[in-house]
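Residue numbers for the sequence shown follow the numbering used here, beginning at 24 and rising by one. Glycine included, every Cβ here is placed at the ideal spot set by N, Cα and C. Since this is a predicted model, take the numbers as computed values, not measurements. All remarks here apply to the structure that follows.
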Amino acid sequence: MSQNLGISGKTAKRFLTTEITPLLALLGILLGLFAIAVTPREEEPQINVTFANIFIPFPGATAVEIEQLVSTPAEQVLSEIEGIEHVYSTSRPGMAIITVQYRVGEDRTQAIVRLYNKVFSNQDWLPHNLGVGTPIIKPKGIDDVPIVTATLWSSDPSVGAYELGQVAHTIEAELKRVPDTRDIYTIGEPERTVKVMLNPQSLSGYGIDLDDLRNSLRAANSTADGISITSANRELLIQAGTFLTSASELGGLVIGMHDGKPVHLQDIATISEGPDHPQQYVWIGAGPQAASHGLDLNGTQPAVTIAVAKKPGTNAVNIAKRVIDRFEDMKGIFIPEGVEVTITRNYGETADHKARKLISKLIFATLSVIGLIVIALGWREALIVGGAVAITLLITLFAS
24 MSQNLGISGK TAKRFLTTEI TPLLALLGIL LGLFAIAVTP REEEPQINVT
74 FANIFIPFPG ATAVEIEQLV STPAEQVLSE IEGIEHVYST SRPGMAIITV
124 QYRVGEDRTQ AIVRLYNKVF SNQDWLPHNL GVGTPIIKPK GIDDVPIVTA
174 TLWSSDPSVG AYELGQVAHT IEAELKRVPD TRDIYTIGEP ERTVKVMLNP
224 QSLSGYGIDL DDLRNSLRAA NSTADGISIT SANRELLIQA GTFLTSASEL
274 GGLVIGMHDG KPVHLQDIAT ISEGPDHPQQ YVWIGAGPQA ASHGLDLNGT
324 QPAVTIAVAK KPGTNAVNIA KRVIDRFEDM KGIFIPEGVE VTITRNYGET
374 ADHKARKLIS KLIFATLSVI GLIVIALGWR EALIVGGAVA ITLLITLFAS
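Next comes the structure, spelled out in structure tokens:
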């Protein structure tokens, strides 16, 4: 008596007797192995979190005025955007910062387009004729998180955050040469500034007015491009003016005349060049097991941290390895003696660990299925089912 196999049974019977089945199985295995080899290994590759910071300048306004005139109306308008989960605002003198966070999984491009459209099509909620500036939108995402951070420090007491920051900025330019790197920036270094301490007695003695001094500095620290000069039936385009770049240039600036002689800025002021007051501090310290990890550090030391992010869809493991190798190559060239480099974050290593752990768990699950079928049915059935499960998993990896 013939048995009705149904759709699944007939399909299985057809593939059981055809010669193309081994070729399809081999193709599935090759596609799965190819997917394992080329799929980028990232820390959180499936998370699509989009958020943005909106900076609205309002020079001269207090934090309370900015909250009432800018931040609160902005929150109400931005909360109407589709897909928004949270809206935060920070009001400080001269600036309103609004942060919008979208729900997880929202398409990044569409989310940013909706944000730009909402902000620039509703600028009428900003106070008119009060000096409120144009909003600046800074979109952020999961790929803005650095995958590698390296901390520069020195046990030499004469080397502080300012000197380390100069080294770090030199390193940034070299790290840009590493393929697939994105944002590279330094945290913890004070800005370079030139400080001018005016002498009131000298100002009075030379008859220099503060307004004249301000105008002289503004005029000396400016340029103009594309100035047209006509001479001998020829038109020439020239650039006029320069920017002040050092304390010596600033000290030699002529700011007025006294008794027919030029008065320089250094005649009425004390000029010094050095670090500004820091906005951020970075310190590095070591625990009891630091020596076993090759970190020779006693107590805490001032430091700066270089952060390196990667482009979307690229392999974090390979990029992190190339960045760390680049740091090793720069020692003794761009990184002077006495300056140490400690890798304080390596998401490439953790991403590789997670990928290997996932593959090992898939292998363990397949072997567990094979083992159970061996006990229940035998080796032949176990190999058939195990092979089908393995090929299915490999094809799934390729499809994803």
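Margin query: On the CB-based measure, 16 or more other CB atoms within 10 Å of its CB, does residue 371 come out buried or exposed?
Written below: Locating residue 371 in the sequence shown gives position 348, counting from the first residue. Residue burial annotation: residue 371 is buried, with at least 16 other C-beta atoms found within 10 angstroms of its C-beta.
Check: Looking only at C-alpha atoms, which of 125, 165, 123, 94 sits nearest to residue 114?
Finding: Here residue 114 refers to the residue found at position 91 of the sequence shown. Comparing Cα positions, the closest option is 94.
Check: Do you know whose CA, among 327, 162, 228, lies nearest residue 212's CA?
Finding: The residue labelled residue 212 in the question sits at position 189 within the sequence shown. Of the candidates 327, 162, 228, the residue whose Cα lies closest to the Cα of residue 212 is 327.
Notebook entry, point to check: Just checking my contact of residue 126 with residue 106 at CB under 8 Å: how many whole Å lie between their CB atoms?
Noted result: For this step, residue 126 is matched to residue 103 along the sequence shown. For this step, residue 106 is matched to residue 83 along the sequence shown. In this structure residue 126 is in contact with residue 106, their Cβ atoms being roughly 6 Å apart against a cut-off of 8 Å.
Notebook entry, point to check: What are the residues that DSSP puts in a beta bridge with residue 294?
Noted result: Here the question's residue 294 lines up with position 271 in the sequence shown. 219.
Next item on the list: May I have the straight-line CA-CA distance separating residue 375 from residue 381, to the nearest angstrom?
Entry: The residue labelled residue 375 in the question sits at position 352 within the sequence shown. The residue labelled residue 381 in the question sits at position 358 within the sequence shown. Their Cα atoms are separated by approximately 10 Å.
Margin query: Going by DSSP, what residue range makes up the alpha helix (DSSP H) through residue 371?
Written below: In the sequence shown, the residue the question calls residue 371 occupies position 348. It spans 370-399 - the alpha helix (DSSP H) in which residue 371 sits, taken as one unbroken run.
Check: Where residue 330 and residue 48 are concerned, what is the direct C-alpha to C-alpha distance, given to the nearest angstrom?
Finding: By 1-based counting over the sequence shown, the position of residue 330 is 307. By 1-based counting over the sequence shown, the position of residue 48 is 25. Going by the C-alpha atoms only, they are around 45 Å apart.
Item checked: Spatial neighbours of residue 102 in its chain, beta-carbon cut-off 6 Å, leaving aside the 5 residues before and after -> Translated into positions along the sequence shown, residue 102 becomes position 79. Excluding positions up to five away in sequence, the list reads 110.
Item checked: Secondary structure of residue 301, DSSP reduced to three states -> Here residue 301 corresponds to residue number 278 of the sequence shown, with the count starting at 1. In this structure, DSSP gives residue 301 a state outside helix and strand, which the three-state scheme calls coil.
Check: Are the beta-carbon atoms belonging to residue 129 and residue 71 less than 8 Å from one another?
Finding: Counting from 1 along the sequence shown, the entry for residue 129 is found at position 106. Counting from 1 along the sequence shown, the entry for residue 71 is found at position 48. Yes. Within cutoff.
Next item on the list: Please classify residue 379: is it buried, with 16 or more other beta-carbons within 10 angstroms of its beta-carbon, or exposed?
Entry: Taking the first residue of the sequence shown as position 1, residue 379 is located at position 356. By the neighbour-count rule (16 or more Cβ atoms within 10 Å), residue 379 is not buried but exposed.
Check: If you draw a straight line from the C-alpha of residue 24 to the C-alpha of residue 36, how long is it?
Finding: In the sequence shown, counting from the first residue as 1, residue 24 sits at position 1. In the sequence shown, counting from the first residue as 1, residue 36 sits at position 13. Residue placement at residue 24 is poorly supported in this model, since its pLDDT is 42, which falls under 50; the coordinates still yield a value, given next. Cα to Cα, residue 24 sits roughly 18 Å from residue 36.
Note to self: For a minimum of 4 consecutive residues, which ranges assigned as the alpha helix (DSSP H) are wholly contained in the stretch 128-173?
What the structure shows: Segments of the alpha helix (DSSP H) lying fully in the stretch 128-173: 131-143.
Checklist line | Proximal residues to residue 169 (C-beta, below 6 Å), its chain only, five neighbours per side dropped | finding: Taking the sequence shown and counting its residues from 1, the one referred to as residue 169 is at position 146. 330, 331, 332, listed in sequence order.
Next item on the list: Enumerate in chain order the residues of its own chain whose CB-to-CB distance from residue 118 is below 8 Å, with the five nearest sequence positions on each side excluded.
Entry: Along the sequence shown, read from residue 1 onward, the residue named residue 118 stands at position 95. Excluding residues within five positions, the ones whose Cβ falls inside 8 Å are 78, 79, 80, 81, 89.
Next item on the list: Under the assumption that residue 38 contacts residue 421 (Cβ atoms under 8 Å), give the Cβ distance between them as a whole number of angstroms.
Entry: For the purposes of this step, residue 38 is taken as residue 15 along the sequence shown, with counting starting at 1. For the purposes of this step, residue 421 is taken as residue 398 along the sequence shown, with counting starting at 1. About 19 Å; that fails the 8 Å criterion.
Notebook entry, point to check: Which one of 281, 302, 367, 354 has the shortest CA to CA distance from residue 308?
Noted result: The count along the sequence shown starts at 1 and reaches residue 308 at position 285. Taking only the C-alpha atoms, the option nearest residue 308 is 367.
Checklist line | Buried/exposed call for residue 147, threshold 16 Cβ in 10 Å | finding: Here residue 147 corresponds to residue number 124 of the sequence shown, with the count starting at 1. So residue 147 counts as exposed.
Next item on the list: Within 10 angstroms of the Cβ of residue 64, are there 16 or more other Cβ atoms? Answer buried if so, exposed if not.
Entry: Position 41 of the sequence shown, counted from the start, is the residue given in the question as residue 64. By the neighbour-count rule (16 or more Cβ atoms within 10 Å), residue 64 is buried.
Margin query: Using the Cβ count rule (16 or more neighbours within 10 Å means buried), how would you classify residue 176?
Written below: Start at 1 with the first residue of the sequence shown, and residue 176 comes out as number 153. It is buried - the Cβ of residue 176 has at least 16 other Cβ atoms within 10 Å.
Next item on the list: Just mark residue 29 as buried or exposed, buried being the case when its beta carbon has 16 or more other beta carbons within 10 Å.
Entry: Here the question's residue 29 lines up with position 6 in the sequence shown. Classification of residue 29: exposed, given that the 10 Å Cβ count is below 16.
Note to self: Using 8 Å as the threshold, is the C-beta distance between residue 346 and residue 201 below it?
What the structure shows: The sequence position of residue 346 within the sequence shown is 323, counting from 1. The sequence position of residue 201 within the sequence shown is 178, counting from 1. Against a cut-off of 8 Å, the Cβ pair of residue 201 and residue 346 comes out as a contact.
Notebook entry, point to check: Near residue 131, which residues of its chain fall below 7 Å by C-beta distance, leaving aside the five closest residues on each side in sequence?
Noted result: Indexing the sequence shown from 1 puts residue 131 at position 108. Here the set comprises 71, 73, 164.
Item checked: Nearest candidate by alpha-carbon position, reference residue 360, set 388, 187, 43, 62 -> As a working mapping, residue 360 is identified with position 337 in the sequence shown. Comparing Cα positions, the closest option is 187.
Next item on the list: Check each candidate in 205, 219, 413 and name the one with the smallest Cα separation from residue 342.
Entry: Within the sequence shown, residue 342 is the residue found at index 319, counting from 1. Checking every option, the nearest Cα to that of residue 342 belongs to 205.
Next item on the list: Measure the CB-CB distance between residue 414 and residue 51 and report whether it falls below 8 Å.
Entry: Here residue 414 corresponds to residue number 391 of the sequence shown, with the count starting at 1. Here residue 51 corresponds to residue number 28 of the sequence shown, with the count starting at 1. In this structure, residue 51 lies closer than 8 Å to residue 414 by Cβ.
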